[in-house]
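Anchor point for the sequence shown: position 102 equals 294 in our numbering, and the numbering is continuous, going up by one each time.
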Amino acid sequence: VQIHLGRANANKLMNRFLKEVVRNYEARIASIQGGSLRNAIPRESFVVLTIPGQLSDDLLDLVAEYEELFRNDFAGIEEGISFKAEPTDLPKNLIPEEIQDDLINAVEGCPNGVISYLADFPGVVESSLNLALVQSSADRIEVKLLVRSSSESRKDWVCSSVESLFLLAGARVEFDGDYPGWQPNAQSELLHTMERIYLEKYDQRPRVMVIHAGLECGIIQSNVTQKLDIVSFGPTITGAHSPDEAVKIDTVARTYDYLVTTLENLK
């Protein structure tokens with residue numbers, strides 16, 4: 193939902209650091225855990241890596257430099273970016289060097305954020321990609337991404353581009369959890385009716401907007417043969433798809449009351 197804000201992606205930031213530390217500090221990656229959910233911009237990434245002992249102080253200096261760099265890059269967008277390093281036990285196993293390099297290059301080259309905007313709705317995202325999870329286990333490394341688009345054609349193109357990138361890195365690519373796009377309709381009769389009812393009921397105009405989110409409306413439309421006139425509305429939610437997600441409780445009852453009134457006015 194907040195992909196248009198240019199928020200920092202912890203997986204991309206960590207990978208930016210890893211590319212340098214592997215290239216210039218003889219680092220080897222033992223494990224990586226970044227992100228939590230496909231539909232949430234990752235806020236955290238943790239890596240266990242090894243470097244030659246004589247370079248440990250240099251590594252700490254580099255981490256401090258990157259923390260400052262990240263804070264400067266996202267000034268005014270992200271507050272309190274933290275990037276730290278601390279000693280740990282020597283890991284028993286390391287990710288094979290070739291796989292490590294392929295992973296870093298693929299994640300570095302992977303698009304992230306807004307891909308395109310809607311031509312008819314300035315400033316509204318049409319297509320986006322979230323590099324959501326980069327996680328290693330004993331026998332594999334998984335990278336999970338979420339592609340969203342109100343255009344099926346554009347979504348297919350983004351998926352195909354990402355597939356080609358990771359195939360070049362030697363990965364196996366799978367697609368799941370697909371849901372259809374939902375094209376906005378500025379001439380919607382239902383929308384105009386609901387705008388009128390809202391104005392009459394609450395003596396103020398509703399805030400109507402096109403948002404970039406995985407609404408169920410597209411799924412409903414794709415499972416019926418006739419063209420539906422659809423409007424999505426609901427209570428006020430903040431921090432969607434994050435640990436800070438919350439709902440304004442008094443707007444729940446208001447939304448229900450508005451729905452009942454709308455249904456009573458439909459023919």
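C-beta: ideal position from N, C-alpha, C; glycine also.
Please read all numbers here as calculations on a predicted model, not as lab measurements.
The Cβ atoms of Leu-338 and Asn-231 sit closer than 7 Å to each other. Straight through space, the alpha carbons of Thr-454 and Leu-391 are spaced by roughly 12 Å.
Beta-bridge analysis with DSSP links Glu-366 to no other residue. The Cβ atoms of Ser-342 and Gln-375 lie closer than 7 Å to each other.
Rounded to whole angstroms, the separation of the alpha carbons of Ser-356 and Pro-372 is 22 Å.
If only uninterrupted alpha helix (DSSP H) runs of at least 4 residues are considered, those enclosed by the segment 292-364 are 344-360. Taking C-beta atoms as the reference points, Ala-267 and Arg-235 fail to come closer than 7 Å. Around the CB of Phe-262, 16 or more other CB atoms lie within 10 Å, so the residue is classed as buried. In the DSSP assignment, Ala-445 falls within the alpha helix (DSSP H) that extends over 442-457. Per DSSP, Thr-385 is one residue of the alpha helix (DSSP H) stretching across 381-394.
Comparing alpha carbon positions, the residue from Gly-305, Val-365, Ser-320 and Pro-314 closest to Ile-333 is Val-365.
A contact is defined here as three or more CB-CB pairs under 8 Å, and the segment 241-259 fails this definition with respect to the segment 313-332.
Under the DSSP definition of a beta bridge, Leu-241 partners with Ile-221.
Nearest neighbour of Leu-295 by Cα position, chosen from Pro-303, Val-335 and Pro-314, turns out to be Val-335.
Inclusion of Val-354 and Leu-382 in the CB contact set at 7 Å is not warranted, their separation being larger than that value.
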